[in-house]
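Engineer:
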Amino acid sequence: MNPLNFFKRQKSTPAKRTIFNRGIQFEISEGDATTIRIADVEQSIGGVRQLTQTGVSEMVDRKHDLDYQYALCQRLMAEGDILPFPFERAVILLRKAKRLEDEQAICRYVAEWCRNAEENWDGRSAKHWLSPKLQRIVARLS
Numbered sequence: 088m089n090p091l092n093f094f095k096r097q098k099s100t101p102a103k104r105t106i107f108n109r110g111i112q113f114e115i116s117e118g119d120a121t122t123i124r125i126a127d128v129e130q131s132i133g134g135v136r137q138l139t140q141t142g143v144s145e146m147v148d149r150k151h152d153l154d155y156q157y158a159l160c161q162r163l164m165a166e167g168d169i170l171p172f173p174f175e176r177a178v179i180l181l182r183k184a185k186r187l188e189d190e191q192a193i194c195r196y197v198a199e200w201c202r203n204a205e206e207n208w209d210g211r212s213a214k215h216w217l218s219p220k221l222q223r224i225v226a227r228l229s
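Under this note's numbering, the first residue of the sequence shown is numbered 88, with each subsequent residue one higher.
(1) According to the neighbour-count rule (16 or more other Cβ atoms, all chains shown, within 10 Å of its Cβ), is residue 176 buried or exposed?
(2) Could you please give the first and the last residue of the uninterrupted alpha helix (DSSP H) stretch that includes residue 203?
(3) Cα separation between residue 156 and residue 226?
(4) Using beta-carbon positions only, say whether residue 181 and residue 189 come within less than 7 Å of one another.
(5) Suppose contacts are defined by Cβ-Cβ distances below 7 Å. Is residue 204 in contact with residue 228 by that definition?
(6) Which of helix, strand or coil does DSSP assign to residue 180?
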């Protein structure tokens with residue numbers, strides 16, 4: 088073997104690896120650029136829902152749609168999760184629609200969720216209950 092050829096890179100078919108990280112799919116292949124794809128994967132981290140990019144875009148695009156925001160809150164409440172943006176939007180839209188009982192029910196759920204999150208805090212994770220959006224919702228109970 089020629090010692091000068093030792094450091095030459097051998098041509099081979101690129102090996103592909105797929106990595107999932109918080110709903111984003113990375114495809115890494117040798118010799119090529121990294122391909123990034125948004126995967127339709129939802130997950131919950133510490134009781135706070137993590138959405139895909141398409142889910143976030145739809146939620147923001149439909150921010151004035153009371154039925155959509157309220158249904159999203161109902162689904163999250165049934166699963167014991169929380170996501171500050173739709174809860175705040177639902178509370179605002181419910182107040183405008185004069186549906187005060189539904190608004191108060193969401194506010195009580197958020198207050199209870201924040202109380203439980205604070206009591207069960209592990210000392211390392213993010214303090215989601217201190218989110219300004221959630222604090223504004225809790226303040227509506229007063």
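Note that the Cβ used here is the ideal one computed from N, Cα and C, for glycine as well. Here the structure is a predicted model, which is why all the values come from computation and not from measurement.
Structural biologist: On the basis of the coordinates in this document:
(1) If you number the sequence shown from 1, residue 176 lands on position 89. Counting Cβ neighbours within 10 Å, residue 176 comes out buried, since at least 16 surround it.
(2) Along the sequence shown, read from residue 1 onward, the residue named residue 203 stands at position 116. Start and end: 187-206.
(3) Numbered from its first residue, the sequence shown carries residue 156 at position 69. Numbered from its first residue, the sequence shown carries residue 226 at position 139. Residue 156 and residue 226: Cα-Cα distance of roughly 20 Å.
(4) The residue labelled residue 181 in the question sits at position 94 within the sequence shown. The residue labelled residue 189 in the question sits at position 102 within the sequence shown. Closer than 7 Å, so yes.
(5) Within the sequence shown, the letter at position 117 stands for residue 204. Within the sequence shown, the letter at position 141 stands for residue 228. Not closer than 7 Å, so no.
(6) Within the sequence shown, numbered from 1, the residue matching residue 180 stands at position 93. Here residue 180 sits in helix by DSSP.
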